[in-house]
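Data first, discussion second: the structure below is written as structure tokens.
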Amino acid sequence: MVENIIAPLIASLATAALIGISIVARRWMKRRSPLTGTGEVLIPKAWELALPTAEALPSDVPEAERAYVPLYRLLRQRGAADFRMTTAKILVENRSEQPLTIINITVQREQVGDPFSAAWVRYPPAGAAEALVLNFPLDEDHPEAWSAAYEGATGNLVRTGDRPYFEDHVITLSPGESQSLLITGRAESVRCSWWLKIETSQAGRHKVVPVKPEGGAFLTSGTPASGFSHRWEWRWYDGNAARFAPPPEYE
131 MVENIIAPLI ASLATAALIG ISIVARRWMK RRSPLTGTGE VLIPKAWELA LPTAEALPSD
191 VPEAERAYVP LYRLLRQRGA ADFRMTTAKI LVENRSEQPL TIINITVQRE QVGDPFSAAW
251 VRYPPAGAAE ALVLNFPLDE DHPEAWSAAY EGATGNLVRT GDRPYFEDHV ITLSPGESQS
311 LLITGRAESV RCSWWLKIET SQAGRHKVVP VKPEGGAFLT SGTPASGFSH RWEWRWYDGN
371 AARFAPPPEY E
């Protein structure tokens, strides 16, 4: 009889202890890392890539990899870099129980060098969409965020502010609130890998949270000073005869 009473009691106490430990652990994690951030490259329906070598262009593209997303990934795996601009979606979340303010977002540049010049590859457009973005000029030693937007059907990215965004703006997240940010990194004359640093302020404490994509860093290459040795376009519009060929304007 006593064993029948003690066993359930011990089990209940153990469960309560585990719940208590779990609650304490979650609260501790929230205090330790109130902001979480994830980065993901957005693959546009029309893209341009710079190749490190002409051999990076596959001689044959399997039918399953001919659409704009798998073909982009195939070329990136072969060492290609986004030409002039990389676009990423950043998700930030306040996992604490207090309001949190993002006071700045900056870029950390790595492996800066000359742009790839072996080849330029294009997946031609079928239209463009408007979006608000934070744009970073990667040619600068310490790129700052500028508000920007895509111009109508042209798809050209233009600044919409006269000073860096975080000079007179902040992003405030309520407890439990998350927000998506569209980030672009633009290179004109350099090639660099890069990632983001988000500076936060909460209850008088400042912290820097690194944000990197799954591959470890973004990779963007500007225009080579001497031009590209080769230019190709993926002619998806030829249906079953789709292939890499010189763009019509270079034929």
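Residue numbers (my numbering): 131 to 381.
Built from N, CA and C at the ideal position, the CB exists for glycine as well.
Buried or exposed (CB count within 10 angstroms, at least 16 for buried), G384
The chain is shown from 131 up to 381; residue 384 falls before or after that span and cannot be answered.
R361, DSSP secondary structure in three states
R361: strand per DSSP, three-state reduction.
I need the DSSP call for Q228, collapsed to helix, strand or coil.
Judged by DSSP in its simplified three-state form, Q228 adopts coil rather than helix or strand.
Cβ of R361 versus every heavy atom of the ligand ZN: is any distance shorter than 7 Å?
Summarising the ligand content, the structure contains no ligands, and the ligand ZN is consequently not present.
Give the straight-line distance between the Cα atoms of A210 and G334, rounded to the nearest whole angstrom.
Looking at the two C-alpha atoms, the distance is approximately 43 Å.
What is the C-beta distance between V237 and L326, in whole angstroms, given that I count them as a contact (C-beta under 8 Å)?
That belief holds up - the Cβ atoms of V237 and L326 are roughly 6 Å apart, short of 8 Å.
Exposure of A141, with buried meaning 16 or more beta-carbon neighbours within 10 Å:
Bear in mind that a pLDDT of 49 at A141, under 50, signals an unreliable position, so the number given afterwards is only what the model happens to contain. Under a 10 Å Cβ-count criterion, A141 is classified as exposed, with fewer than 16 other Cβ atoms of the shown protein chains found around its own Cβ.
Three-state secondary structure (DSSP) of G315:
Reduced to three states, the DSSP call for G315 is strand.
Thinking C-beta only, is E195 closer than 8 Å to L204?
Yes, the Cβ-Cβ distance between L204 and E195 is below 8 Å.
Unbroken beta strand (DSSP E) run spanning P200, endpoints:
Annotation: P200 is outside any beta strand (DSSP E); the continuous alpha helix (DSSP H) that includes it extends over Y198 to Q207.
Reducing DSSP to helix, strand and coil, say where G334 ends up.
Three-state DSSP puts G334 in coil, outside helix and strand.
Check whether the segment 340 to 350 touches the segment 308 to 317, taking contact to mean three or more Cβ pairs, one atom from each stretch, closer than 8 Å.
Contact between the segment 340 to 350 and the segment 308 to 317 is present, because at least three Cβ pairs lie under 8 Å.
Look at E318 and R206 and say whether their C-beta atoms are less than 8 Å apart.
In terms of Cβ geometry, E318 and R206 do not form a close pair [threshold 8 Å].
Would you kindly work out how many angstroms separate the C-alpha atoms of D271 and S247, rounded to a whole number?
Going by the C-alpha atoms only, they are around 22 Å apart.
Taking a contact to mean a Cβ-Cβ separation below 8 Å, would you say P255 touches A176 in this structure?
It is a contact, given that the beta carbons lie within the stated cut-off.
Buried or exposed by the 16-neighbour rule on C-beta atoms within 10 Å, applied to T290:
Using a 10 angstroms sphere on the CB of T290, the tally of other CB atoms stays under 16, which defines it as exposed.
May I ask you to list the residues that DSSP assigns as paired with A269?
As written in the sequence, residue 269 is Asp, which differs from the Ala given in the question. In the DSSP assignment, no residue is bridged to D269.
Quick check on DSSP: helix, strand or coil for E379?
Of the three classes helix, strand and coil, the one that applies to E379 here is helix, per DSSP.
Pull up the CB-CB distance for R361 and P378, whole angstroms please, since I reckon it's below 8 Å.
Contact check for R361 and P378: beta-carbon distance about 11 Å, past the 8 Å limit, so the pair fails to qualify.
Quick check on R321: buried or exposed, where buried means 16 or more other Cβ atoms within 10 Å of its Cβ?
Result: buried.
Apply the 10 Å Cβ neighbour rule to W158 and answer buried if 16 or more other Cβ atoms are within range, or exposed otherwise.
In this prediction, W158 scores a pLDDT of 40, lower than 50, which makes its location untrustworthy; the coordinate-derived value is nonetheless stated afterwards. It counts as exposed.
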